[in-house]
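Take any residue in the sequence shown, count from 1 to its spot, add 456: that is its number in our numbering. Using N, Cα and C, we set each Cβ at its ideal position, and we do this for glycine too.
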Amino acid sequence: MLAIKYRMKYEIQRLDGRFSYRNLFQYCIKFGGRMSHSRGPLHFTRVQKWFMETYGWSAEIRQYAEIRAWITTNNRVLKGTAADIPLECNPHWSWTNGYDDLRIYVASDRELNFFQLRWPCEP
């Protein structure tokens, strides 16, 4: 089978003090919200599927953050451990798909580099 190099449009944002979820992830990959020239929804859906196949399922970022915060708070009270964080809170990645807000959150340079090798960005 002939492998076709597939390029897509996206923007990578390093999460610093200005961004939500910076305490959970290091980077955010942003896709356009329209199917116009950037084909954002199509690219987002392909990348989301790739992350699921590569790293396993992860909760949507708002639920992810809420679950992590609740467990962290209760672990202090209940003397729990980090192992108590459920598998749905995948430490490698998360996502959100609000209107015009299609994003994949990644934990580190490792996940980001692996993503970029698989999905080169259009200039």
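Q.
For Trp551, list the residues DSSP reports as bridge partners.
A. Its beta-bridge partners are Glu516, Ile560.
Q: Helix, strand or coil for Phe487, going by three-state DSSP, please let me know.
A: In the structure shown, Phe487 sits in a strand (DSSP, three-state: E or B).
Q. What separation, rounded to the nearest whole angstrom, lies between the Cα atoms of Leu558 and Arg502?
A. CA-CA distance, Leu558 to Arg502, rounds to 12 Å.
Q: Using beta-carbon positions only, say whether Leu568 and Tyr483 come within less than 7 Å of one another.
A: Closer than 7 Å, so yes.
Q | Inter-residue spacing [alpha-carbon to alpha-carbon] between Glu544 and Ser550 | A | Taking the Cα positions, Glu544 is about 10 Å away from Ser550.
Q: Return yes when at least one heavy atom of the ligand ADP lies under 6 Å from the C-beta of Trp506, else no.
A: Questions concerning the ligand ADP fall outside what the structure shown contains, since it holds no ligand whatsoever.
Q) Secondary structure at Arg478, three-state DSSP: helix, strand or coil? A) Arg478 carries a coil assignment under DSSP once its states are collapsed to helix, strand and coil.
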